[in-house]
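Chains as they are written, first to last, in this note's numbering: chain A, 27 to 345; chain B, 112 to 382.
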Amino acid sequence: MMTAHEAVKRFVNDGDTVYSGFNIISFALTNEIIRQGKKGLKAVAGSVTPNVTMMSIDGNVNRIETGYLSGTLRSKPFQEMMRDGRVKWNDYTNMTITLRLMAGGLGMPFICANSFLGTDYLLEETMNHSRSLKEDRKREDGSIAPPYAVINSPFDGRKALLYPALKPDVAIVHCQRADEEGNVQVWGPQADTKWGLWSSKNVLVTAEEIVPRSVISTEPHFTIVPGFKVSAVIHEPWGSHPSGLNGYYRADREWAGLTGAGMTTWHEAREYLDEWVYGTKNHSDYITKYKDRFGEDLLDNLRVKDTMTPEQPARYGWR
Amino acid sequence: MSINLDDYTRAEMMIIATARQVRDGESSIVGMGPPLLSAALAKYHHAPNMWYCTESGPLDWVPTSRELPAPIGIADHSLTQGSAMSGDMVDALGAFVNGGWAQSAVLQAAQIDRFGNLNTMLAGTFEDPIRRLPGTGGNADIGASVERVISTMPLETRRFKERADFRTTAGYIDGPGGRAEAGLAPQGPNKCATTMCLFGFDTEDGGTTGSCEMVLEQLFPGVSLEEVQTIIPWKLKVSQDLTYMDPPTEEELVLLRHLDDGGNHLIPGRY
């Protein structure tokens with residue numbers, strides 16, 4: 027157990043590759059990375075979300091490998107940086123990024139999928155466009171490795187595509203609950219989360235609730251990575267606000283409009299970060315400020331009220 | 112409730128036409144945006160036994176209450192309601208789609224070309240982009256493996272190209288034999304539902320024979336062949352059996368408006 031401040035200070039280093047996936051986003055850790063001014067990070071995920079736009083404005087993130095820029099393009103500054111090369115990237119897909127993380131997690135050098143056969147991803151001008159991540163793909167002899175490669179299968183001669191394993195330095199994620207040992211429990215659609223966590227060297231988790239080990243162990247099927255894989259667990263209610271958390275709160279669709287977090291212009295981006303990120307000490311301060319400014323009701327209305335209880339809970343036993 | 116059946120928008124007709132391509136009993140992977148709405152309409156209307164799955168992991172959504180509007184995103188929390196499985200991307204795009212269990216896909220795209228390839232990457236080129244788009248998401252994964260693709264987009268000249276500015280998702284690539292040469296399985300019968308008409312593709316065996324070109328199959332009520340041809344920048348193939356699609360029924364329109372919940376999907380001004 028530690029604070030987001032301590033976790034980011036200790037485990038996020040300039041130039042790191044950071045997994046931040048698209049279903050359960052830790053805005054608490056995102057904001058802390060910005061506050062601490064980490065630089066030159068590479069964001070990877072099946073889809074990256076507006077938290078990556080936020081981290082790009084002051085250069086916390088300047089490289090991306092993803093299948094989808096979800097909401098990030100609403101920001102003109104972000105588009106501008108993609109155009110002039112301040113942000114560099116290579117394009118993949120939701121599944122191929124997930125499989126690359128899986129390969130990293132399983133200790134395999136690469137993984138096979140057929141997603142790009144017959145498409146323009148295979149063109150040289152796509153793989154090595156002028157803002158692509160050629161530098162990151164430099165081999166020891168100075169030559170540039172491709173971002174993926176077509177082979178003929180040694181088994182049946184058919185065309186196949188290989189994608190290199192991804193092994194992020196650090197993963198940031200929010201979860202429904204964890205215990206003090208860092209056993210992370212998540213439910214609802216999980217997208218790329220599990221493999222993002224298994225593949226990353228350090229895993230930083232904010233949890234909506236901290237529960238005793240006994241809660242974890244009566245429902246161990248919800249644990250997506252065990253405590254020994256987790257470097258820091260942080261208790262952070264509303265930790266994924268403005269995005270949602272299944273069973274707890276819905277995504278806040280008013281947020282961007284109210285705070286300027288769409289960051290549509292440089293001016294708006296500056297104002298948003300200064301007020302809502304640098305202008306708050308930590309996530310609970312951010313939440314307090316949000317309540318003070320826009321009223322308690324706004325957040326309260328996002329809370330999920332009709333939750334399901336198991337009709338017949340899973341039954342474990344051994345005697 | 113009584114509604115005026117002549118008073119519907121072209122965007123509503125696009126969603127209804129898309130929904131009509133979804134078959135009862137089939138397994139389907141449903142993409143972001145209008146596809147989520149179209150497939151929900153199909154499920155509520157004529158395909159209650161369709162397997163409604165999205166790429167982030169919800170598999171076989173069976174809404175137990177009809178009060179909810181259609182899911183907005185592929186990880187919408189409401190997809191948990193009545194679902195058979197809450198898995199992840201490896202389950203959904205990996206095992207379900209690439210493992211060959213998805214019989215159809217409902218997808219949106221920014222562009223489609225003469226041979227049914229989709230583009231969700233950019234307008235222009237990487238070096239000189241007119242507009243960068245979000246990227247493929249799961250469309251490329253799906254186009255490589257799914258049996259039958261139903262795409263949906265407004266009929267506009269910037270969206271219908273002889274060759275897509277960027278092919279993110281393989282259709283028939285350059286024509287007959289294209290998929291086999293690229294190392295992909297046959298696909299079809301693919302459809303593309305627009306705001307004015309429904310297209311199919313000229314191949315009976317999933318891309319080996321026939322011209323594999325887009326073919327106009329059905330015009331929506333009140334739309335002429337000439338209007339459609341004016342928008343399409345190549346000489347359009349027209350089916351010998353060209354027909355008019357039936358207008359929306361009252362049940363379809365009422366369900367659609369309920370599921371769209373005042374423009375959650377058909378955002379006024381965008382469609």
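The C-beta atom is built at its ideal place from N, Cα and C for all residues, glycine as well. As the structure is a computational prediction, the values presented were derived from the model and not from experiment.
Burial state of residue i (16 or more Cβ within 10 Å)
{"i": "G41(A)", "result": "exposed"}
{"i": "F226(B)", "result": "buried"}
{"i": "H293(A)", "result": "exposed"}
{"i": "I114(B)", "result": "exposed"}
{"i": "G143(A)", "result": "The sequence shown places Leu at residue 143(A), rather than the Gly named in the question. Answer is buried; the Cβ neighbour count reaches 16."}
{"i": "A275(B)", "result": "buried"}
{"i": "S179(A)", "result": "exposed"}
{"i": "L127(A)", "result": "buried"}
{"i": "A186(B)", "result": "buried"}
{"i": "N13(A)", "result": "The first residue shown for chain A is 27 and the last is 345, placing residue 13(A) beyond what the model contains."}
{"i": "S335(B)", "result": "exposed"}
{"i": "E324(B)", "result": "buried"}
{"i": "W281(A)", "result": "buried"}
{"i": "Y342(A)", "result": "exposed"}
{"i": "I177(A)", "result": "exposed"}
{"i": "V141(B)", "result": "buried"}
{"i": "V330(A)", "result": "exposed"}
{"i": "G97(A)", "result": "buried"}
{"i": "E123(B)", "result": "buried"}
{"i": "D199(B)", "result": "buried"}
{"i": "G374(B)", "result": "exposed"}
{"i": "G47(A)", "result": "buried"}
From the options, residue whose alpha carbon lies closest to that of residue i
{"i": "N116(A)", "options": "D278(A), L99(A), Y147(A) and Y298(A)", "result": "Y147(A)"}
{"i": "A206(B)", "options": "E166(B), A122(B) and S189(B)", "result": "E166(B)"}
{"i": "T43(A)", "options": "G66(A), V259(A) and R100(A)", "result": "G66(A)"}
{"i": "S141(A)", "options": "D311(A), K331(A) and T122(A)", "result": "T122(A)"}
{"i": "V303(A)", "options": "R61(A), D195(A), L99(A) and I51(A)", "result": "R61(A)"}
{"i": "E178(B)", "options": "K272(B), E258(B), Y155(B) and M196(B)", "result": "Y155(B)"}
{"i": "N209(A)", "options": "V231(A), T119(A), V38(A) and S226(A)", "result": "V231(A)"}
{"i": "E315(B)", "options": "R259(B), T236(B) and N160(B)", "result": "R259(B)"}
{"i": "A129(A)", "options": "L159(A), A186(A), M153(A) and K193(A)", "result": "K193(A)"}
{"i": "D313(B)", "options": "R290(B), G288(B) and K348(B)", "result": "K348(B)"}
{"i": "L99(A)", "options": "V339(B), K346(B), S215(B) and R243(B)", "result": "R243(B)"}
{"i": "I242(A)", "options": "Q211(A), W264(A) and I260(A)", "result": "Q211(A)"}
{"i": "H31(A)", "options": "W221(A), M107(A) and K307(A)", "result": "K307(A)"}
{"i": "F310(B)", "options": "P300(B), L148(B) and L295(B)", "result": "P300(B)"}
{"i": "A195(B)", "options": "I183(B), L367(B), W162(B) and S215(B)", "result": "W162(B)"}
{"i": "A158(B)", "options": "G144(B), S149(B), G136(B) and A181(B)", "result": "G136(B)"}
{"i": "L325(A)", "options": "S225(A), N154(A) and G270(A)", "result": "G270(A)"}
{"i": "Y45(A)", "options": "A217(A), E262(A) and E337(A)", "result": "A217(A)"}
Under 8 Å from the C-beta of residue i: neighbouring residues of chain B
{"i": "G224(A)", "result": "The sequence as given places Trp at residue 224(A); Gly does not occur at that position. Going along chain B, no residue has its Cβ under 8 Å from W224(A), so there is no contact; the nearest lies around 11 Å."}
Within chain A, partners of residue i - CB distance below 9 Å
{"i": "F97(B)", "result": "The requested residue 97(B) is not part of the displayed model; chain B covers only 112 to 382."}
{"i": "N160(B)", "result": "Residues of chain A passing the Cβ test: none, with the nearest at roughly 22 Å."}
{"i": "A255(B)", "result": "A139, N140, S141, F142, L143, G144 and T145"}
Close-in-space but distant-in-sequence residues of the same chain around residue i (CB under 7 Å, 5 per side omitted)
{"i": "G193(B)", "result": "W172, V173, P174 and T175"}
{"i": "D224(B)", "result": "K272, E273, R274 and A275"}
{"i": "C308(B)", "result": "L266, L327, Q329, L330, F331, V334 and V339"}
Proximal residues of chain B, C-beta to C-beta of residue i below 7 Å
{"i": "L95(A)", "result": "P245 and G246"}
{"i": "G214(A)", "result": "H188, T191 and S197"}
{"i": "R184(A)", "result": "G294"}
{"i": "K8(A)", "result": "No statement about residue 8(A) is possible, as the shown extent of chain A runs from 27 to 345 and does not include it."}
{"i": "A217(A)", "result": "S167, G168, A186, D199 and M200"}
{"i": "S156(A)", "result": "E238"}
Chain A contact residues for residue i, given Cβ-Cβ distances below 8 Å
{"i": "I223(B)", "result": "In chain order: nothing, as chain A lies at least about 14 Å away."}
{"i": "P240(B)", "result": "R109"}
{"i": "L295(B)", "result": "N140, L143 and G144"}
{"i": "G205(B)", "result": "M121, T124 and L125"}
{"i": "D252(B)", "result": "T119, N120, M121, T122, A139 and S141"}
Same chain, Cβ closer than 8 Å to residue i, five either side skipped, listed in chain order
{"i": "K164(A)", "result": "I170 and A171"}
{"i": "T247(B)", "result": "T231, M232, T279 and T280"}
Residue i: contacting residues in chain C (beta-carbon distance under 7 Å)
{"i": "I284(B)", "result": "This model lacks chain C altogether; the protein chains it does include are A and B."}
Own chain, CB closer than 6 Å to residue i, minus 5 neighbours either side, in chain order
{"i": "F277(B)", "result": "N230, M232 and L233"}
{"i": "E235(A)", "result": "R203"}
{"i": "L223(A)", "result": "A197, V229 and V251"}
Closer than 9 Å at the beta carbon, the chain B residues around residue i
{"i": "N77(A)", "result": "Those within 9 Å of N77(A) in chain B number zero; the least Cβ separation is about 15 Å."}
{"i": "K117(A)", "result": "The displayed chain sequence assigns Asp, not Lys, to residue 117(A). Going along chain B in sequence order, the residues near D117(A) (Cβ under 9 Å) are M232, G246, T247 and T279."}
{"i": "T249(A)", "result": "Chain B residues near T249(A): none, gap ~14 Å exceeds 9 Å."}
Listed by chain order, chain A residues near residue i by CB distance under 7 Å
{"i": "G83(B)", "result": "Coverage of chain B is limited to positions 112 through 382, which leaves residue 83(B) absent and any answer about it impossible."}
Residue i: CB within 8 Å of a non-hydrogen atom of the ligand HEM
{"i": "G254(B)", "result": "Summarising the ligand content, the structure contains no ligands, and the ligand HEM is consequently not present."}
Would you call the stretch 205-220 of chain A and the stretch 157-171 of chain A in contact, with 3 or more CB pairs under 8 Å? Not touching, per the Cβ criterion.
So, do the stretch 64-73 of chain A and the stretch 90-108 of chain A have three or more beta carbon pairs nearer to each other than 8 Å? Yes, the stretch 64-73 of chain A touches the stretch 90-108 of chain A.
Between the stretch 242-254 of chain A and the stretch 268-277 of chain A, do at least 3 Cβ pairs fall closer than 8 Å? no
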